[in-house]
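**Q** The structure is given below, and queries will be raised subsequently.
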Amino acid sequence: MSIEDIQNEIIDEFSMFEDWEERYQYMIDLGKDLPLIDDQYKTDSNIIKGCQSKVWVHAEMKDNKIVFTADSDAIITKGIIAILIRTFSNQQPKDIIEAETDFIDDIGLKEHLSPTRANGLVSMIRQLKMYAIAYQTQLN
Amino acid sequence: MFNVNDIRKDFPILSRKVNGKPLVYFDNAATSQTPQQVIGGIVDYYSNHNANIHRGVHTLSQEATDLYEQARQKIQVHFNAKFSHEIIFTSGTTHGINLVANGFSSLLKKGDEIIVSALEHHSNIVPWQMLCERTGATLKVIPMNDEGELVMTEFDIMLSENTKLIFVNHVSNALGTVNSIEYIIEKAHQVGAAVLIDGAQSSPHIKADVQKLNVDFYVASAHKMCGPTGVGVLYGKEEWLKKLPPYQGGGEMIAEVTFEKTTYAELPHKFEAGTPNICGGIAFGAAIDYMNAIGFEVIANYENELLEYATEELLKIEGLKIYGTSKHKTSVISFNLEGIHPYDVGTILDKLGIAVRTGHHCAQPIMDYFKIPGTVRASFSFYNTKAEIDTLVEGVKKAKMMLS
């Protein structure tokens with residue numbers, strides 16, 4: 001599935017919820033389901049460190065596609081990174097680099113987009129795209 | 001007679017909604033809200049008196065200067081400083097601390113010691129580390145116990161003739177602990193050390209008498225005392241302020257400038273280079289007037305009531321732990337739910353219109369001590385109500401339910 005298709009699928013899922021509570025409960029559940037990152041990758045170099053919670057992201061290349069794994073010490077953050085991983089994992093670096101991320105708005109998580117939240121969506125997306133750029137450079 | 005409902009009418013922001021819910025503002029330790037009386041003063045200043053101060057011959061400049069200097073005197077009276085020139089306007093607590101730290105660069109040498117406490121926030125740690133790097137002095141830390149209180153017997157041991165400076169907050173921002181600053185000041189003076197008290201967290205609750213305390217330096221921020229952001233105060237004993245070199249060069253702080261040599265202005269202007277936050281200073285004075293009209297004792301009594309009620313109600317929630325359990329506290333409750341990250345709790349509370357602080361409160365060493373990533377901090381002011389605390393308790397229960 002393309003990144004755009006996955007994003008549309010996520011938007012569809014979130015559109016079923018009537019209020020913030022259901023949306024957040026869903027995100028919390030997504031966080032609980034997130035495949036945990038292998039402990040050996042929970043290192044300081046893999047951390048997106050902010051004032052609020054910690055996020056670890058690991059990326060590896062499999063069949064020319066990037067596979068992301070991640071974890072966070074906060075469950076809502078984990079839910080957010082779970083959504084991003086679902087969107088960007090198993091995709092080619094080029095597609096990840098070019099992907100739009102407007103869908104975040106559509107699923108009602110805009111408040112997490114604030115650039116001052118150092119560990120918020122913006123820095124997570126940036127980190128995932130950085131990995132993609134790095135792998136793309138290797139492919140060239 | 002104190003009536004919280006009347007008080008609340010002074011604060012327009014308290015009637016707004018957040019995420020569709022009535023705002024419950026419990027982040028007062030970060031910044032307090034501003035009453036109409038102070039906001040009105042700001043509007044009046046810019047509408048009628050705005051001009052640069054201390055250098056204009058025209059009427060507006062004179063009016064602005066008078067208002068600004070009146071505010072300085074109000075602050076002098078409030079903190080009971082001996083002279084108004086011992087009151088230096090700063091941009092806030094951090095600026096005041098840096099001013100003193102910078103000044104001591106020329107007074108310290110290798111082998112000298114500086115003492116801070118384990119309860120400090122970053123603003124009262126980093127400037128001293130920088131000072132130590134510049135001078136070769138060493139930094140010692142008064143440890144704390146599980147209640148979040150400083151261990152004074154350890155302080156007694158580390159104090160020596162080598163101690164030149166001690167920097168302690170009056171009240172911990174992360175835990176609310178009120179420190180025994182009277183004891184620290186007295187002991188420090190016995191070995192000839194100077195003491196700076198960080199009053200950022202205490203000044204909204206406790207009226208400090210700098211002469212009675214016999215403290216050498218005291219810093220505070222207006223925005224935690226119902227005033228605007230970007231302005232604060234450094235009190236310094238005259239003898240110390242004369243000893244310290246100027247912090248920044250520029251206009252206002254000079255007596256005479258030639259390209260060969262500059263002589264510095266008298267206190268307080270020596271430390272007030274450039275055009276200050278004139279309106280902010282005036283509004284700071286108005287904020288102090290506002291709080292004094294209610295009365296600090298009345299404020300402290302009411303806030304204690306809120307603290308006791310909130311402590312009691314929050315502890316009814318299973319798995320909730322409060323950090324900082326000193327008998328001497330201001331109205332700050334730092335807590336966590338077992339197995340749940342403070343960020344998650346804070347996020348859910350925000351959705352319910354409740355503003356709390358989450359994280360390490362810029363006091364990472366305290367969090368390291370308790371081996372936690374941070375806490376949820378609810379801090380109360382005199383305009384908060386018990387009904388709002390009930391809303392918080394319900395919110396925390398809901399967060400617990402959603403996140404468990």
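Protein sequences appear in the order of chains A and B. Residue numbers 1 to 140, in UniProt numbering, belong to the letters of the first sequence in order. Residue numbers 1 to 404, in UniProt numbering, belong to the letters of the second sequence in order. Note that beta-carbon positions come from the ideal geometry of N, C-alpha and C, so glycine has one too.
1. If I340(B) and K400(B) are in contact, beta carbons under 8 Å, what's the gap, nearest whole angstrom?
2. Give the interface partners of M367(B) over in chain A, defined as CB-CB distance under 7 Å, in chain order.
3. Express the C-alpha separation of I85(A) and H122(B) in angstroms, rounding to a whole number.
4. Could you spell out the range, first to last residue, of the alpha helix (DSSP H) harbouring S61(B)?
5. When we look at the beta-carbon of R16(B) and count the other beta-carbons within 10 Å, is it buried (16 or more) or exposed?
6. When you compare the segment 197–204 of chain B with the segment 56–65 of chain B, are there three or more beta-carbon pairs, one atom per stretch, that lie closer than 8 Å?
7. Once the 5 residues before and after residue 411(B) are set aside, which same chain residues still bring their CB inside 6 Å of it?
8. Report the partner residues of W240(B) according to the DSSP bridge assignment.
9. List the residues of chain A whose Cβ lies closer than 8 Å to the Cβ of Y343(B), in chain order.
10. Enumerated in chain order, which unbroken segments of the beta strand (DSSP E) with a length of 3 residues or greater are wholly contained in the segment 88–115 of chain B?
11. Taking N169(B) as part of the beta strand (DSSP E), name the residues at either end of that continuous run.
12. Would you list, in chain order, the members of the segment 20–52 of chain A that have their beta-carbon closer than 8 Å to a beta-carbon of chain B?
13. Check whether the segment 302–317 of chain B touches the segment 66–76 of chain B, counting contact only when three or more Cβ pairs, one atom from each stretch, lie closer than 8 Å.
14. Against chain A, which members of the segment 332–358 of chain B pass a CB distance test of less than 9 Å?
15. Using only the alpha-carbon positions, how far apart do H223(B) and Q33(B) sit?
16. Can you give the Cα-Cα distance for V43(B) and R377(B), rounded to whole angstroms?
17. Tell me the rounded alpha-carbon separation between A118(A) and Q190(B).
18. Between the alpha carbons of E149(B) and S221(B), how many angstroms are there, rounded?
19. Short of 6 Å in beta carbon distance, which residues of its chain neighbour A137(B), apart from the five on each side in sequence? Order them along the chain.
20. In terms of residue numbering, what span does the beta strand (DSSP E) encompassing D71(A) cover?
21. Can you find a C-beta in chain A that's less than 8 Å from the C-beta of P373(B)?
22. Whole angstroms are fine: how far does the CA of L352(B) sit from the CA of K21(B)?
23. What is the DSSP secondary structure of G359(B), counted as helix, strand or coil?
24. Between which residues of its own chain and G280(B) is the CB-CB distance below 6 Å, once the five residues before and five after are set aside?
25. Look at the alpha carbon of I348(B) and the alpha carbon of G395(B), and state the distance between them as a whole number of angstroms.
26. For the segment 377–403 of chain B, enumerate the residues whose C-beta is nearer than 7 Å to any C-beta of chain A, in chain order.
27. Taking only the alpha-carbon atoms, compute the straight-line gap between S91(B) and K32(A) and give it to the nearest angstrom.
28. Assign H276(B) to one of two classes, buried (16 or more other C-beta atoms within 10 Å of its C-beta) or exposed (fewer than that).
29. Go to S123(A), then tell me how far its alpha helix (DSSP H) extends in each direction, as first and last residue.
30. Per DSSP, which one or two residues make a beta bridge with residue 422(B)?
31. M402(B): which of S123(A), M124(A), I76(A) and K129(A) sits nearest, CA to CA?
32. Taking Cβ positions only, does A118(A) come closer than 8 Å to chain B?
33. Tell me which residues share the same chain as S123(A) and place their Cβ nearer than 6 Å to its Cβ, disregarding the 5 neighbours each side in the sequence.
34. Is L119(B) closer than 8 Å to L175(B) when the C-beta atoms are compared?
35. Are the beta-carbon atoms belonging to I96(A) and F88(A) less than 8 Å from one another?
**A** Looking at the atomic coordinates:
1. 7 Å
2. In chain order: nothing, as chain A lies at least about 12 Å away.
3. 35 Å
4. T59 to F79
5. exposed
6. no
7. Within the shown structure, residues of chain B are numbered from 1 to 404, placing residue 411(B) beyond reach of any answer.
8. According to DSSP, which records beta bridges pairwise, W240(B) is partnered with nothing at all.
9. Q52, S53, A74, I76 and T77
10. none
11. T163 to N169
12. Going along the segment 20–52 of chain A in chain order, one finds W20, E21, Y24, Q25, I28, C51 and Q52 with a Cβ nearer than 8 Å to chain B.
13. no
14. I340, H341, P342, Y343, D344, G346, T347, I348, D350, K351 and T358
15. 8 Å
16. 33 Å
17. Because A118(A) sits at a pLDDT of 48, beneath the cut-off of 50, its placement in the model cannot be relied upon, and the following sentence gives the value as read from the coordinates. Just so you know, the alpha carbons of A118(A) and Q190(B) end up roughly 46 Å apart.
18. 24 Å
19. So the list reads L108, D112 and I114, once near-sequence residues are dropped.
20. Looking at the DSSP string, the run of the beta strand (DSSP E) that includes D71(A) is K65 to S72.
21. The Cβ of P373(B) sits closer than 8 Å to at least one Cβ of chain A.
22. In a straight line, the C-alpha of K21(B) is about 6 Å away from that of L352(B).
23. strand
24. P228, G230 and V231
25. Taking the straight line joining both Cα atoms gives about 8 Å.
26. M402 and L403
27. 45 Å
28. It should be noted that the sequence gives Pro, not His, for residue 276(B). Counting Cβ neighbours within 10 Å, P276(B) comes out buried, since at least 16 surround it.
29. L121 to L139
30. The structure shown has nothing for residue 422(B), since chain B only spans 1 to 404.
31. I76(A)
32. For A118(A), the predicted model reports a pLDDT of 48, less than 50, meaning its position is unreliable; a value from the coordinates is still stated below. Closer than 8 Å: no.
33. I48
34. yes
35. In this structure, I96(A) sits near F88(A), with a CB-CB distance shorter than 8 Å.
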